[in-house]
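Trainee:
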Amino acid sequence: MDKTVKIRTENLCFSYNGRAILCNSSMDFADGEITAIVGPSGSGKSTFLLTLNRLWEAIPRCTLQGAVEMRFNGRYHDIYGRDYPVTRLRRQVGMVFQVPNPLPMSIYKNVAFPLQLKGGVPKENMRSRVEECLRQVRLWDEVQDRLHASALDLSGGQQQRLCIARALILRPEVLLLDEPTSALDHAAAKAIERLLLELKRSCTILLVSHYLDQVSRIADSVVELHNGRLVSKAEYD
Amino acid sequence: MRVLEQAVVHFSRLCGIILLGAVLTVIGYLFVHGWSSLGLSLIFGATPPLDALLMKRHVFNGLFPAVAGTLSLVALAICWAVPMGMAAGIYLAEYAGPKIKAILNLFFDIMAGLPSIVVGLFGFAVAVFLNRRFSGAIHPCLLISSMALAFLVLPYITRTTQMALEGLPLSARMTALSLGASRLQNIVRVLVPQSLSGIVSGIILAIGRCAEDTAVIMLTGVVASTGVPRSLLSHYEALPFYIYYISAQYTNSEELASGYGAAIILLCICLVLFLLAFAIRKRISYHALYRA
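Below, the structure written as structure tokens:
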């Protein structure tokens, strides 16, 4: 059975300060799968993720050519098109960074923040969504009695799970993960792997990882980048 | 190499101690000479304090009108300067292109270096222009002084706001954007609250400058004896001018001591305003970042 393509990139070229980081990258990513992006350091893996939610636009002296299309509500949208607002895109495409980046706010406010930005969500619903997401990342039991304490006081693993909870609160259709377990211990990394396997039922996941054992455990397909070019693509059974 | 490092450490420590010593010497000197004059009578003269505070009776031989004038002046100048300065700083840090930023940075640096007497002269010229062009009721007054002072301190607030925002790491800048924040939401809800400590430093500098500057107000509305300012268009008294006036014109040691007393009161007012600025910063940070 043909898989539905969720993300399609065409001739994607990206340069920073005049230096090419991605060259003619054309790839398709299937809906409801975990795709691992692997490759040596500096091969453009993290940059590739930034092109999928247009976050590179916050970095000065960057240029991008090519096209990225994503399938939302049954049809493909050019995410760089003028009629597609960047804030809407980023609410549909969640991102978790390599280093946990909680905002200097309370635990509750960190997770609720995307909903507050979006607006129009009653406080009660917000509270239940926060609890749901914190339970999803198995953090609720650890923080339920100190939701209004600073998120910066959490351990590294807890902070990363908090960031995943925060990325999930808007129920994104695509989740971009840039080495989310690299700063975590074995147990915390395993917990996040289990979570990702659950999440792929509801969203498409792109995971940058250096750990090939992790990739073989959870990924449905693997894309390898080298010097900004697609070298190979493989699918696991 | 180790000896050089030790020398640098000792020299730095010595400089710190000298600086602290200088500040303590100035404060100590003021207290030694002004302590005897401190008391309610220095501020309210022969007028009962409550009557003076409720504006029931005038204070003729006390510093109350100068204290009221200074507080009004600083509050007004900060009211003009903070929104404008912060807005300009945000524009420079977040929106301005490289060329415009370079030009405006140069402009604000030049502005920061303007001698206050020049700004005072400009304020005076504006007052004269308004008087001739629009109404004879407009003359050097509290409003003109506060605007001239705001112009004087604007670059401090602008540049510290800009520096504080530009000093935030890229990761802090990208977090809220990745969560679907618009650029404005990112600035208002994340970047400014995180930069408040730097911004407040600029505001504190500005408060200090507004409270102490004499050259600007001498040309734009301050007088030696006029009572509590009744409106924005009235003359007013101010502590720095009183200190200048009394130290130049004193006829006996009691008057000179009252000048030192006025300087102590000015220092205390600055301290209270600084603490107020810190408290407001803490409150805003808490509301922006922690309140659910």
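Those protein sequences? They're chains A and B, same order as listed.
If you read the first sequence in this note's numbering, its first letter stands for residue 1, the second for the next number, and so on.
If you read the second sequence in this note's numbering, its first letter stands for residue 1001, the second for the next number, and so on.
Note that beta-carbon positions come from the ideal geometry of N, C-alpha and C, so glycine has one too.
1) Which first and last residues belong to the beta strand (DSSP E) in which Tyr-16 of chain A is found?
2) For Glu-33 of chain A and Met-1084 of chain B, I'd like the C-alpha separation in whole angstroms.
3) Going along chain B in order, which residues have a C-beta closer than 9 Å to the C-beta of Arg-197 of chain A?
4) Would you check if the distance between the CB atom of Gln-93 of chain A and the CB atom of Val-174 of chain A is smaller than 8 Å?
5) Any residues in the region 1182-1201 of chain B with a beta carbon nearer than 7 Å to a beta carbon of chain A? Which ones, in chain order?
6) Counting only the same chain and skipping the five closest in sequence on each side, list residues whose C-beta sits under 6 Å from that of Thr-1047 of chain B.
7) Which whole-angstrom value describes the C-beta separation of Thr-1214 of chain B and Tyr-1244 of chain B, a residue pair presumed to lie in contact below a C-beta threshold of 8 Å?
8) In chain A, what lies closer than 7 Å to Leu-1092 of chain B by C-beta?
9) Drop a sphere of 10 angstroms on the beta-carbon of Asp-78 of chain A, count the other beta-carbons inside from all chains shown, and report buried for 16 or more, exposed for fewer.
10) In terms of alpha-carbon separation, which member of A:Leu-49, A:Thr-9, A:Tyr-16, A:Leu-64 lies closest to Ile-205 of chain A?
11) Identify whether Gly-1085 of chain B lies in helix, strand or coil by the three-state DSSP scheme.
12) If we count the other Cβ atoms within 10 Å of its Cβ and call it buried at 16 or more, is Ser-1258 of chain B buried or exposed?
13) Between the region 13-23 of chain A and the region 220-229 of chain A, do at least 3 Cβ pairs fall closer than 8 Å?
14) What would DSSP say about Cys-62 of chain A, mapped onto helix, strand or coil?
15) Starting from the Cα of Asp-1109 of chain B, find the closest Cα among B:Ile-1157, B:Ala-1279, B:Val-1192 and give me that residue.
16) Drop a sphere of 10 angstroms on the beta-carbon of Glu-1237 of chain B, count the other beta-carbons inside from all chains shown, and report buried for 16 or more, exposed for fewer.
17) Ala-234 of chain A: which of A:Gly-119, A:Val-38, A:Gln-65 sits nearest, CA to CA?
18) Spatial neighbours of Trp-140 of chain A within its chain, please: CB distance less than 8 Å, with the 5 preceding and 5 following residues excluded, ordered by chain position.
19) Please determine if the region 1163-1177 of chain B and the region 1193-1210 of chain B are in contact, where contact requires at least 3 C-beta pairs separated by less than 8 Å.
20) Please go through the same chain and pick out, in chain order, the residues whose beta-carbon is closer than 7 Å to the beta-carbon of Gly-189 of chain A, but skip the five residues on each side of it.
21) Which residues, taken in chain order from the region 103-127 of chain A, show a beta carbon closer than 7 Å to some beta carbon of chain C?
22) What does Leu-175 of chain A pair with, by DSSP beta-bridge criteria?
23) Under 8 Å, do Leu-1149 of chain B and Leu-1073 of chain B count as touching if we go by C-beta distance?
24) Between which two residues does the beta strand (DSSP E) containing Asp-78 of chain A stretch?
25) Give me the Cβ distance between Ile-164 of chain A and Leu-195 of chain A, rounded to the nearest whole Å; I'm assuming they're in contact under 8 Å.
26) Is it the case that the Cβ atoms of Gln-98 of chain A and Asp-213 of chain A are separated by a distance below 8 Å?
27) Return no unless some Cβ of chain A is closer than 8 Å to the Cβ of Gly-1097 of chain B.
28) Restricting to Cα atoms, I'd like to know which of A:Arg-171, A:Leu-176, A:Ala-187 is closest to Gln-158 of chain A.
Mentor: In terms of the structure at hand:
1) Taking the first sequence and counting its residues from 1, the one referred to as residue 16 of chain A is at position 16. First-last of the beta strand (DSSP E) with Tyr-16 of chain A: 5-16.
2) Taking the first sequence and counting its residues from 1, one reaches residue 33 of chain A at position 33. Taking the second sequence and counting its residues from 1, one reaches residue 1084 of chain B at position 84. Each residue's Cα considered, the two are about 51 Å apart.
3) Taking the first residue of the first sequence as 1, we reach residue 197 of chain A at position 197. One point to set straight first is that residue 197 of chain A is Leu, not Arg, in the sequence displayed. Neighbours of Leu-197 of chain A on chain B: none; closest Cβ ~23 Å, over 9 Å.
4) Against the first sequence, residue 93 of chain A aligns to sequence position 93. Against the first sequence, residue 174 of chain A aligns to sequence position 174. The sequence given here has Val at residue 93 of chain A, not Gln. Taking 8 Å as the Cβ cut-off, Val-93 of chain A and Val-174 of chain A qualify as a contacting pair.
5) Ser-1182, Gln-1185, Val-1190, Gln-1194
6) In the second sequence, counting from the first residue as 1, residue 1047 of chain B sits at position 47. Answer for Thr-1047 of chain B: Arg-1057, Val-1059, listed in chain order.
7) In the second sequence, the residue the question calls residue 1214 of chain B occupies position 214. In the second sequence, the residue the question calls residue 1244 of chain B occupies position 244. Going by Cβ atoms, the distance from Thr-1214 of chain B to Tyr-1244 of chain B rounds to 5 Å, so yes, they are a contact pair.
8) Mapped onto the second sequence, residue 1092 of chain B falls at position 92. Going along chain A, no residue has its Cβ under 7 Å from Leu-1092 of chain B, so there is no contact; the nearest lies around 14 Å.
9) Residue mapping note: residue 78 of chain A aligns to position 78 of the first sequence, counting from 1. Flag for Asp-78 of chain A reads exposed.
10) Mapped onto the first sequence, residue 205 of chain A falls at position 205. For the residues A:Leu-49, A:Thr-9, A:Tyr-16, A:Leu-64, the minimum Cα distance to Ile-205 of chain A belongs to A:Leu-49.
11) Counting from 1 along the second sequence, the entry for residue 1085 of chain B is found at position 85. It is helical.
12) Within the second sequence, residue 1258 of chain B is the residue found at index 258, counting from 1. With 16 or more Cβ atoms within 10 Å of its Cβ, Ser-1258 of chain B is classed as buried.
13) yes
14) Mapped onto the first sequence, residue 62 of chain A falls at position 62. It is a strand residue.
15) Numbered from 1 along the second sequence, position 109 holds the residue referred to as residue 1109 of chain B. Nearest of B:Ile-1157, B:Ala-1279, B:Val-1192 to Asp-1109 of chain B, Cα basis: B:Ile-1157.
16) As a working note, residue 1237 of chain B is residue 237 in the second sequence. That one is buried.
17) Taking the first residue of the first sequence as position 1, residue 234 of chain A is located at position 234. For Ala-234 of chain A, the nearest C-alpha among the options comes from A:Val-38.
18) Reading the first sequence from its first residue, position 140 is the one you call residue 140 of chain A. Excluding residues within five positions, the ones whose Cβ falls inside 8 Å are Glu-131, Leu-134.
19) yes
20) For this step, residue 189 of chain A is matched to residue 189 along the first sequence. At residue 189 of chain A the sequence reads Ala, which differs from the Gly that was named. Excluding positions up to five away in sequence, the list reads Thr-181.
21) The question asks about chain C, but that chain is absent: this structure's protein chains are A and B.
22) Residue numbering aside, residue 175 of chain A sits at position 175 when the first sequence is read from its first letter. A:Gly-94, A:Ile-205, per the DSSP bridge assignment.
23) Translated into positions along the second sequence, residue 1149 of chain B becomes position 149. Translated into positions along the second sequence, residue 1073 of chain B becomes position 73. Yes.
24) Translated into the one-based positions of the first sequence, residue 78 of chain A becomes position 78. Counting along the chain, the beta strand (DSSP E) containing Asp-78 of chain A begins and ends at 75-78.
25) What you label residue 164 of chain A is simply residue 164 of the first sequence in a count that begins at 1. What you label residue 195 of chain A is simply residue 195 of the first sequence in a count that begins at 1. Rounded, the Cβ-Cβ distance is 7 Å, consistent with contact.
26) Reading the first sequence from its first residue, position 98 is the one you call residue 98 of chain A. Reading the first sequence from its first residue, position 213 is the one you call residue 213 of chain A. In this structure, Asp-213 of chain A does not lie closer than 8 Å to Gln-98 of chain A by Cβ.
27) Here the question's residue 1097 of chain B lines up with position 97 in the second sequence. No, no contact with chain A.
28) As a working mapping, residue 158 of chain A is identified with position 158 in the first sequence. The residue with the shortest Cα to Cα distance from Gln-158 of chain A is A:Ala-187.
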